[in-house]
Amino acid sequence: MPPHPLQAAWVNLLEPVPFQYFTTLTFDRLRRLHPEAAHKKIRVYTRRANDLLFGRGWEDDHPGIGSLIALEPHKDDRTHVHLLQYHPELRKEDVATRLLLKNLWEAGDWAHEESLREGIARCLPAADDAAKAYCAKNYATKGGDIYLDDALAHWMKGKPWQPKMM
């Protein structure tokens, strides 16, 4: 069966972006969060990650980690989020950064002191085509919410691997 046209359009838009991480965040609460509440928690999470990775003055130098954010309501009413993350200084092979991104979300013994303690997280190196197709399929064609944050839009503008955005 051919891919849905909307899925193909998202994959085409994202295809040239060299994402480093595919992060999955699951909220622990057994209730569906309003999408705006989930978006706010993702923004806080990203700000804390940028503060720790690039120092408190990072906003003077660059817009921070860019993310494709895809929200999915689970059958048990928990909100589930996938992030495809990009920043030119990040490296897929950097396990310490992946653990930091994971521990900034989770509760428990390994949680970072600035953790949001929201639920379960996983941060893997992005398998370029598979992660992009997964996000596009599950969200663009199945009623989920998918968007690019401002930082990712900034990184996508004028890069040699990205066509000019109108």
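Start counting the sequence shown at 798; every next residue gets the next number (the working numbering). Positions of the beta carbon are idealized from the N, C-alpha and C atoms, including for glycine.
- Message: According to DSSP, residue 869 sits in a beta bridge with which residue or residues?
- Response: 877
- Query: Would residue 869 be called buried (16 or more neighbouring beta carbons within 10 Å of its own) or exposed?
  - Reply: buried
- Return the CA-CA distance between residue 895 and residue 921, expressed in angstroms with no decimal places. 7 Å
- Message: Quick check: the Cα distance between residue 901 and residue 893, rounded to an integer number of angstroms?
- Response: 12 Å
- Message: Just to confirm before moving on: does the CB-CB distance between residue 930 and residue 808 stay below 8 Å?
- Response: By the CB criterion at 8 Å, residue 930 and residue 808 fall inside the cutoff.
- Task: Determine the DSSP secondary structure at residue 840, reduced to helix, strand or coil.
- Result: helix
- For residue 879, collect the residues of the same chain with a Cβ closer than 6 Å to its Cβ; drop the 5 residues on either side in sequence, then sort them by chain order. Answer for residue 879: 821, 867 and 932, listed in chain order.
- Query: How would you write the range of the beta strand (DSSP E) that residue 888 sits in, first residue to last?
  - Reply: Premise fails: residue 888 is in no beta strand (DSSP E) and is neither H nor E.
- CB-CB under 7 Å to residue 960, same chain, minus the five flanking residues each way: which ones, in chain order? Caution is warranted here: a pLDDT of 49 is assigned to residue 960, below 50, making its placement in the model unreliable, and the coordinate value is therefore given only provisionally. Excluding the 5 residues flanking it on each side, residue 960 has no same chain C-beta neighbour closer than 7 Å.
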